[in-house]
Amino acid sequence: MSGTLQRGRDARRLTQTAAYAVLLAATVAVVAPIFLLFGFLIYHGAKQIDWKFLTLPPNADSSGGIFPAIVGTVYLIGLTILFALPLGIVAAVYLNEYGGKSRFVGVIRSAIVNLAGVPSIVHGLFGLGFFVLFVGGSIDKFVLHANKPVWGQPCLLWGACTLAIVILPIIIKSTEEALASVPRSFREGSQSLGATKWQTIRRIIIPAAIPEIMTGAILGIGRATGETAPVMITCAASFKPGLPNGLNDQAMLLPYHLYFVVTQSTNTSLPLKSGIALVLIAIVAMTSAVAIVLRSKVKRARKW
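What follows is the structure, given as structure tokens:
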């Protein structure tokens, strides 16, 4: 009997060791390429990055600096979050607090899931057709009566609207989960004191869910910053050494500039390409770091 028990323990220990080895190998297989990629970019990109590279405009041959592309990227991401975050929060509040389990809400949730799986180039074509040609063209025709396109052309505003649609599913789902994670006792306690449902949502539920909502915003920023296909046909300029003059102007963007340098320019050095990619990753990392710090402060300030 003791021998049988010992063999059983040995078999379980062997199975556990094998499972641990498989999981460790899978983790290494996932993480190792990421470290290799970052190491490659840092090794080659660090040779290119200096003060002039970050503060000067590019030349016609794609050499020079990337300052307009940095500013254009920051402008675009700021506008995208400005449009997507309030709309995503409002939609999530409706779905979680008012929608219930009706068939209509089920259809909306299915549409959100399907929207998250739409290829980015399709978003770009929609942005071109709806925002640029239809909305922008209608403004030019019926409001401004312009002889030449003012809004009916690719520009920062339509690029931000398109990217807002791209990241809306991320913000809606993360916000909905954040609202659902707030304890039910918060709602019951607030309403038992005489607060209306809307007062409870506005003053209790949403403030309590802000850290998790910011997580969705961070994910949305990361997704929007790296998108190339939607902005390529809605707002990006391949060469524009100056800064955008307004929301109805095109702008250089780091993702599209990197794509243009890699695929269209000739005789561009590997350090230049790696430097652009490294700056793009750094912007995403810094933006996410700021949001994470703010989220941590809000979490520490919570009383529950």
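Letter by letter, the sequence shown follows residues 6 to 309 in my numbering. Where a beta carbon is used, it is the ideal one built from N, C-alpha and C, also for glycine. Owing to the predicted nature of the structure, the values given are computational and were not obtained by experimental measurement.
- Counting the other CB atoms within 10 Å of its CB gives F88 a total of 16 or more, which places it among the buried residues.
- Under DSSP, the beta-bridge partners assigned to P63 are G69.
- N101 and E181 have their C-alpha atoms spaced approximately 6 Å apart.
- The beta-bridge partner set that DSSP reports for A222 is empty.
- Under the Cβ criterion (8 Å, minimum of three pairs), the segment 102-112 does not count as touching the segment 135-150.
- Proximity to G132 across P249, L275, T22 and A241 peaks at A241, based on C-alpha coordinates.
- With contacts defined by Cβ atoms closer than 9 Å, T167 and G225 do not form a contacting pair.
- Non-local beta-carbon contacts of F244 in its own chain, meaning distances under 6 Å to residues more than five positions away in sequence, are absent.
- Listed in chain order, the non-local C-beta contacts of G104 below 8 Å within the same chain comprise V110 and I113, local neighbours out to five positions each way being set aside.
- Secondary structure at A51: coil, using DSSP grouped into helix, strand and coil.
- By alpha-carbon distance to I281, the top candidate from I94, I75 and A34 is I75.
- Judged by DSSP in its simplified three-state form, A200 adopts coil rather than helix or strand.
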